[in-house]
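Only one structure is covered here, and it is reproduced in the block below.
Number of protein chains: 2
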Amino acid sequence: MTIPMHPPTKPSADPMKSLFEPDSIAVIGASATEGKSGYIVLKNLIDKGYRGRVYPINPNAVDILGYRAYPTILDVPDRVDLGFLLVPGQFVKETLIQCGRKGVKTAVIVSAGFAEVGEEGMKAQRELEDVIKKWGIRCIGPNTVGLINVERNLFGSFVSFSDWQDGPVAIGAQSGIFAGALAIELMEIKTQQFGICKSLSFGNMIDLDETDFLEYVWQDPACRIIAFYLERIKRPRAFLSLANKVRREKPIIVLKSGRTEYGAKASLSHTGSMALNDSLVDTAFRQYGIVRTDTLQEFLGVLKAFVFQPLPRGNRIGVITFTGASGVMASDEMFPLGLALADLKEPTVKRIKEIVPAWQPVRNPVDLWPAIGVGENRKVYEEPIHAILEDENVDVLLCILIGVPNSDVGDIGDIFARAMKAHPQKPIFLIIIGGRMKKRWIDELEGLNLPIYSDTSLALKAIRAMHWYLTIRGLDIPDPG
Amino acid sequence: MTIPMHPPTKPSADPMKSLFEPDSIAVIGASATEGKSGYIVLKNLIDKGYRGRVYPINPNAVDILGYRAYPTILDVPDRVDLGFLLVPGQFVKETLIQCGRKGVKTAVIVSAGFAEVGEEGMKAQRELEDVIKKWGIRCIGPNTVGLINVERNLFGSFVSFSDWQDGPVAIGAQSGIFAGALAIELMEIKTQQFGICKSLSFGNMIDLDETDFLEYVWQDPACRIIAFYLERIKRPRAFLSLANKVRREKPIIVLKSGRTEYGAKASLSHTGSMALNDSLVDTAFRQYGIVRTDTLQEFLGVLKAFVFQPLPRGNRIGVITFTGASGVMASDEMFPLGLALADLKEPTVKRIKEIVPAWQPVRNPVDLWPAIGVGENRKVYEEPIHAILEDENVDVLLCILIGVPNSDVGDIGDIFARAMKAHPQKPIFLIIIGGRMKKRWIDELEGLNLPIYSDTSLALKAIRAMHWYLTIRGLDIPDPG
């Protein structure tokens, strides 16, 4: 029996490249049983058309999903770039050693039951660290869901995806949901969703970490916006120092949890993470231009804004509403965020005055309800939208629409498409309140890259995040010492 | 020509009754033109089956929608309880005088263009005040959208509704949206919506106000939960004093806006409201047991919780997740709200240990993902849900589900229906992350009165609001002096 042997090698110069762009993958723990992780990973690779070679590893199978299976990775006749480990926790060490002997450059350790489960697991995890160091394997995990690289059709996740929308966002997460359930939500419930080009689930990070990912996607032309879900930062100094460079070219948006006593405790049993002092994190993020978000909804809402709209040049918001109360609430929510109600210029006010009833004073927020049903509805929308977008005192247009039969206006998508075309540099944000007509309008607006929010305060937080990033993007800030 | 004349009368002893339960209504400014407010109000009354008599008033029509029209209200041969004024602003005064002469008890003044438009409008509004005093007419508005009383099939709103769900919530709002677009959203997008028995739009409140409404719905057996959208409080002392009684029987949930400098300015031009000092409002609400919410989403989310679930007896939350990150985020969000992660009892932990892999420690939040696909999925859900609901250390169960193919479990509605039946006193809150399966699950859970939130922080805010109300409901608090 001839087993190809490789001596321990030096760490690969570009480990993230061999993680995201491998020419061959061994799925160790591949399974022929539908529903098992070892089945889904293999099926994802095959069904999505991964362009490299795939080797199922399973000592009890000859063939899985039409691919020849091998008892161990050492039996694979060709070179293997990436090992995908799905074996039970107690077999991970041995399997990693086999990967080392085979000369595998990079390993994805999906198997769980390490630092996140306490002292015993921590010990086992340290043994893995010794193995990868000895054999020069770079690895992600343990306790990871995997990774996705759309460019290579590489869907290395044990969650199956029926759809996937490519796009400018790269997400690195200390959680599986961004390569799992949440990604499914983004992709399957298509309305108003943004695309993702790369997703990496970090797991317990015994080797490759958030800073490696940041470095990789910074250089990645497919990625325009970088997103992170983090419970800890493994190498804070390196991360911040790199972020300080990256922010000049690409925004970094982070959802950092484990920020309270409770969250930190929960994080310890999730990914074995020790908490950082949260106010230090906050200060550091502000210092180095990292956009911080506090909840999942805010994270997704801010990302959508960065994907869909240009950065606002200032903080002055022009508000169009079709209900006075919405204008009052939006004004309230703007104030503590440091956003300003734009002071509309005289010609703008004059143009809008021609649309609304004579008795109605025009000021920002502009309530157009009194004009509805009086003249031609389409004009009631178009004139004020264009007037406000043309106003030099306005940096962002926020429209709170009311989707009720009275306020129907034909194809609302057409109205906003024209507005965006005429004023490509001014971001527009939408809120729609209503029933069936709201649904119809959302359909009509689909594909315009016009972000619609269910919540004014979320839209305003997204605007604030974009404006803050613009103000800090170009600043010279000394690196962390 | 004999015009029935009534001398000026004393204010009706029970004006809210004649507003919500009139035996006859005159729609003054009724129109035969589809889409006009005067058309929609009349059509709503007829189509929804209002049980009283209806008189369209229009000097240029003989017949509108099959109902005989009269030139003025004075020409109506019968008694008229309620006058619904839709005439242009400049005709309101004269029309009100006619109502007075006719002996109309109550008027709904939809017409706008009064205090909300500045000095001129304020003057006109004061004239209306004189008229109603002189003629003893009680009124709501001007600048109101109208009112809804499901019991009487009285849909007095100029927004048309195709559906309406009756329910335990009465909403009084200084805005039209709760008898308009937002109500449409609640009613047409049926998933997980709560029903509304009464809705009143206050408008500029020259007469009847929030305190009158509170008094009326307090006594109303159809109403179990009282909700307000307010930009100001017209009679703060009376309102608080009454709220101090009402809270012992029914929760009062308020969305108060106009709380910042911006919001207050916008409110002035919306309903002519002068702002109250917001920190005083906050203190007073806390003092007298009024649940305050800050955004529209929070308002609706808190209302849904009160409608659907029993009050939690304490602040200790048991969390089930299928993703570690969600548990960490939920823990983080719980902490500043004063909610506690329940300390699971030993028997609970033991029961759950039998479900999860041996290596996994069990603590709150309980992550069930590692158990998925190992044994029977249904057991993975049911055992921990029942164990936690039975735990005396747990006051509320929060479940964060992951709707992906791996985690499918057949009819999830059945699982939760059983859990709710076995533990009717413990509130359950749900979050679902996922794509098509999430949609299917939401359908399966429909009708269970199990609140599903898109956002963990919103669910937690609702739990906090309910728990806070429980703690303050029975306290003896001295009335405002």
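So the protein lines, in turn, are chains R and F.
In this text, residue positions in the first sequence follow the working numbering: the first is 134, and each later residue adds one.
In this text, residue positions in the second sequence follow the working numbering: the first is 134, and each later residue adds one.
From the three backbone atoms N, C-alpha and C, an ideal C-beta is built for every residue, glycine too.
Since the model is a prediction, treat every value here as computed from it, not as a measurement.
Coil, strand or helix - residue i by DSSP
i	result
G336 (chain F)	coil
A163 (chain R)	coil
S295 (chain R)	coil
L563 (chain R)	strand
D214 (chain F)	coil
P189 (chain R)	strand
C627 (chain F)	In this structure chain F extends from 134 to 614, so residue 627 (chain F) is not present and cannot be described.
T456 (chain R)	coil
N448 (chain F)	coil
M138 (chain F)	Note on M138 (chain F): pLDDT 49, under 50, position unreliable in the model; no value is reported.
E284 (chain R)	helix
Y514 (chain R)	helix
T428 (chain F)	coil
Y183 (chain R)	coil
R597 (chain R)	helix
K389 (chain R)	strand
K176 (chain F)	helix
I488 (chain R)	coil
Within-7 Å CB hit, residue i to chain F
i	result
F346 (chain R)	no
W297 (chain R)	no
Y203 (chain R)	no
P494 (chain R)	yes
T428 (chain R)	yes
I242 (chain R)	no
T456 (chain R)	yes
A598 (chain R)	no
7 Å Cβ cutoff met for residue i and residue j
i	j	result
G460 (chain R)	A360 (chain F)	no
V542 (chain R)	N510 (chain R)	yes
F562 (chain F)	A592 (chain F)	yes
N276 (chain R)	A306 (chain R)	no
V537 (chain R)	A303 (chain F)	no
L501 (chain F)	V513 (chain F)	yes
K226 (chain F)	E260 (chain F)	yes
D544 (chain F)	E577 (chain F)	yes
I230 (chain F)	C272 (chain F)	no
F288 (chain R)	N177 (chain R)	yes
I485 (chain R)	P445 (chain R)	no
Sequence-distant residues of the same chain with beta carbon closer than 8 Å to residue i, five excluded per side
i	result
V379 (chain R)	L347, W351, I359 and I385
N286 (chain F)	K181, G182, Y183 and R184
V482 (chain F)	V495 and R496
S590 (chain R)	E466
F441 (chain F)	F327, N582, L583 and P584
Below-7 Å beta-carbon distance, residue i vs any chain R residue
i	result
G199 (chain F)	no
W574 (chain F)	no
Y395 (chain F)	yes
R184 (chain F)	no
I281 (chain F)	no
D465 (chain F)	yes
Cβ shell of residue i (< 6 Å), same chain only, five flanking positions each side left out
i	result
L215 (chain F)	P155, I158 and T239
S308 (chain F)	Y362
G447 (chain F)	D528
T454 (chain F)	G460, P498, D500 and I533
Y602 (chain F)	P384 and V424
Beta-carbon proximity list for residue i, same chain, < 7 Å, skipping 5 on both sides
i	result
N526 (chain R)	R449, A475, D476, L477 and K478
S402 (chain R)	E249
C232 (chain R)	I206, G216, A240 and I270
I136 (chain R)	Below a pLDDT of 50, predicted positions are generally treated as unreliable, and I136 (chain R), at 46, falls in that range; the measurement from the model is reported next regardless. Here the set comprises L207.
K554 (chain R)	none
Y172 (chain R)	S164, A165 and T166
D299 (chain R)	V283, G328 and C330
| query | Is it a yes or a no for the stretch 461-478 of chain F touching the stretch 213-229 of chain R, going by three-plus beta-carbon pairs under 8 Å? | reply | The stretch 461-478 of chain F vs the stretch 213-229 of chain R: no contact.
| Can at least three beta-carbon pairs, one atom from the stretch 198-209 of chain R and one from the stretch 467-475 of chain F, be found at a separation below 8 Å? | As far as the Cβ criterion goes, the stretch 198-209 of chain R does not touch the stretch 467-475 of chain F, which means the pair count is below three.
| task | Tell me, please, whether the stretch 411-429 of chain F touches the stretch 364-383 of chain F by the rule of three or more beta-carbon pairs shorter than 8 Å. | result | The stretch 411-429 of chain F, when compared against the stretch 364-383 of chain F, does touch it at the 8 Å Cβ threshold.
| query | Pairing CB atoms from the stretch 564-576 of chain R with CB atoms from the stretch 560-580 of chain F, are three or more of them under 8 Å? | reply | Contact fails between the stretch 564-576 of chain R and the stretch 560-580 of chain F, because fewer than three Cβ pairs, one in each stretch, are under 8 Å apart.
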